[in-house]
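To keep things clear, I will list the structure first and then write my remarks on it.
There are 2 protein chains.
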Amino acid sequence: MQLKHFSDISAAATRVVDAAERLIQVHGYNGFSYDDISREIGIKKPSIHHHFATKAELVRIVIQRYTDTFRGALNAIEISDSGAIARLFGYVDLFSQTYEKDQRLCVCGMLGAEVKSLSEAAAQEVQSFFQMNLDWLTKIIRNGSQSGELRFTSSSPEAHAYALLSTLEGAMIVGRGLAINNAPALAGRTYISNLPA
Amino acid sequence: MQLKHFSDISAAATRVVDAAERLIQVHGYNGFSYDDISREIGIKKPSIHHHFATKAELVRIVIQRYTDTFRGALNAIEISDSGAIARLFGYVDLFSQTYEKDQRLCVCGMLGAEVKSLSEAAAQEVQSFFQMNLDWLTKIIRNGSQSGELRFTSSSPEAHAYALLSTLEGAMIVGRGLAINNAPALAGRTYISNLPA
DNA sequence: GTCTATACTGAGATAGAC
DNA sequence: GTCTATCTCAGTATAGAC
Chain A
9 MQLKHFSDIS AAATRVVDAA ERLIQVHGYN GFSYDDISRE IGIKKPSIHH
59 HFATKAELVR IVIQRYTDTF RGALNAIEIS DSGAIARLFG YVDLFSQTYE
109 KDQRLCVCGM LGAEVKSLSE AAAQEVQSFF QMNLDWLTKI IRNGSQSGEL
159 RFTSSSPEAH AYALLSTLEG AMIVGRGLAI NNAPALAGRT YISNLPA
Chain B
9 MQLKHFSDIS AAATRVVDAA ERLIQVHGYN GFSYDDISRE IGIKKPSIHH
59 HFATKAELVR IVIQRYTDTF RGALNAIEIS DSGAIARLFG YVDLFSQTYE
109 KDQRLCVCGM LGAEVKSLSE AAAQEVQSFF QMNLDWLTKI IRNGSQSGEL
159 RFTSSSPEAH AYALLSTLEG AMIVGRGLAI NNAPALAGRT YISNLPA
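Residue numbers (my numbering), protein chains in the order written: chain A, 9 to 205; chain B, 9 to 205.
Right, dumping it as structure tokens:
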């Protein structure tokens, strides 16, 4: 079947996606129901099914929109900040801002853990999110290395991109388990502190 | 009520815990049921309830045993490996070994993401696991710094411990989303590559 | 686009026999 | 310690009226 794109959805459907996104970030895919959304935004379960026939389809749209918003934020960092360190700090801030809202997780961090419960299409969207992040980080780190702003010896820009993304996703999870307030900033800035020339 | 300790359980109960542990690592707390365990080990649901009255209690025991096993592994590393780098590589291997089994996650990485769905007692056990890891890593990293084997400037041993644990927990999740084989080893070794003097 | 009503399934859990 | 039978509730989803 032909899958919808998130930008096509109505105002009412947008409210459903907003609620689903928040519920995923707090409770995970297997931890929320249409009933939870119903209570949160004040429309009944069948109305939600009218907008999103299945939970799998709803989640796919949530991830798609989340990834698109994140892409915009990455572009904004490149415009507002110059230099690798400043841009990496801006990147860390994206995760901090999410976590500061009631210790919400990255949508794809949560769904990455639950990926074996997702539809094939949703799992694909999670993969796209991670790949987009790795591509961007690799570019920033490679440029910083070539300009001399960053210095690292044995590992590649790709490896540092993967390690930094992992650090931030993990910091949110460990931070929540330990009830740490500024978890992503703490771990992310520590990682970056290893890289300056 | 008086809570049980994992070391008190019978052989049949141990098989239940084994299955629950694996199911948590693959599907998460909200992603498995007593029925799944039933199918896996061939006893009926009420028999499982006989051993563990509630799912919350079962999960608490799973975490408790997992933490105890991990504690033993940390001690074994200190005996078999000398030097901070070797011990940190041994630590990374613990996560690699878990991930190599069908891309299983760390029990507490998964449950940390789902911590808002857990009982208070289970959440406490997750916290204890993370704290044990941070204490051990901090000790190893501080010793390595004092001996001159490790070198880092702006961050503390505590901060590096937190960042390295986060990196490994995150690497498993991102790695699974991207279907990367040696995810924890890749990210963990990259992190450690930043630290040698 | 939203509703009431309802189907169907699976979940966690209990009663009581063996 | 394990079983059959059953309870109750929540979950996803559909039918059909407004």
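Even glycine gets a Cβ: it sits at the ideal position worked out from N, Cα and C.
Would you kindly report the start and end of the unbroken alpha helix (DSSP H) that includes residue i?
i              : result
R159 (chain B) : First-last for R159 (chain B): undefined, no H or E at that position.
Y199 (chain A) : 191-201
F78 (chain A)  : 63-88
F97 (chain B)  : 92-108
G36 (chain A)  : It is not in any alpha helix (DSSP H) - G36 (chain A) carries neither H nor E in the DSSP assignment.
D16 (chain B)  : Taken as a continuous stretch (DSSP letters only), D16 (chain B) belongs to no alpha helix (DSSP H), as it is neither H nor E.
G185 (chain B) : 165-186
K12 (chain A)  : Looking at the DSSP string, K12 (chain A) is not in any alpha helix (DSSP H), and its letter there is neither H nor E.
S41 (chain B)  : Careful: S41 (chain B) lies outside any alpha helix (DSSP H) and carries neither H nor E.
P207 (chain A) : The structure shown does not extend to residue 207 (chain A), since chain A is modelled only from 9 to 205, so the question has no answer here.
field: Unbroken stretches of the beta strand (DSSP E), 3 residues or longer, contained in the stretch 111-144 of chain B
entry: none
message: Residues of the stretch 155-176 of chain A in Cβ contact with chain B at a cutoff of 8 Å, in chain order, please.
response: F160, T161, S162, S163, A167, H168, Y170, A171, L173, S174, T175, L176
task: Name, going along the chain, the residues of the stretch 118-151 of chain B whose beta-carbon falls closer than 9 Å to a beta-carbon of chain A.
output: M118, L119, G120, A121, E122, V123, K124, S125, A131, V134, Q135, F137, F138, Q139, N141, L142
task: Could you please tell me which residues of the stretch 179-196 of chain B, in chain order, have their CB closer than 9 Å to any CB of chain A?
output: A179, M180, I181, V182, G183, R184, G185, L186, A187, I188, A191, P192, L194, A195, G196
query: Using 8 Å as the Cβ pair cut-off and three pairs as the minimum, do the stretch 157-177 of chain A and the stretch 192-204 of chain B touch?
result: yes
message: So if I threshold CB-CB distances at 9 Å, which residues from the stretch 93-122 of chain A count as touching chain B?
response: Q111, L113, C116, G117, M118, L119, G120, A121, E122
task: Residues of the stretch 28-48 of chain A with a CB closer than 7 Å to any CB of chain B: list them in chain order, please.
output: V34, H35, G36, N38, G39
Sufficient close CB pairs (3 or more, under 8 Å) joining the stretch 145-154 of chain B to the stretch 53-69 of chain B: no
- prompt: Should the stretch 112-125 of chain A be regarded as contacting the stretch 46-66 of chain A, the criterion being three or more beta carbon pairs within less than 8 Å?
  reply: no
The stretch 21-39 of chain B contacting the stretch 112-121 of chain B, beta-carbon criterion three pairs below 8 Å: yes
message: Does the structure place the stretch 106-115 of chain A close enough to the stretch 20-35 of chain A that three or more beta carbon pairs sit under 8 Å?
response: yes
- prompt: Is it a yes or a no for the stretch 100-108 of chain A touching the stretch 196-205 of chain A, going by three-plus beta-carbon pairs under 8 Å?
  reply: yes
Selection of the stretch 52-84 of chain B by Cβ proximity to chain A, strictly under 7 Å: none
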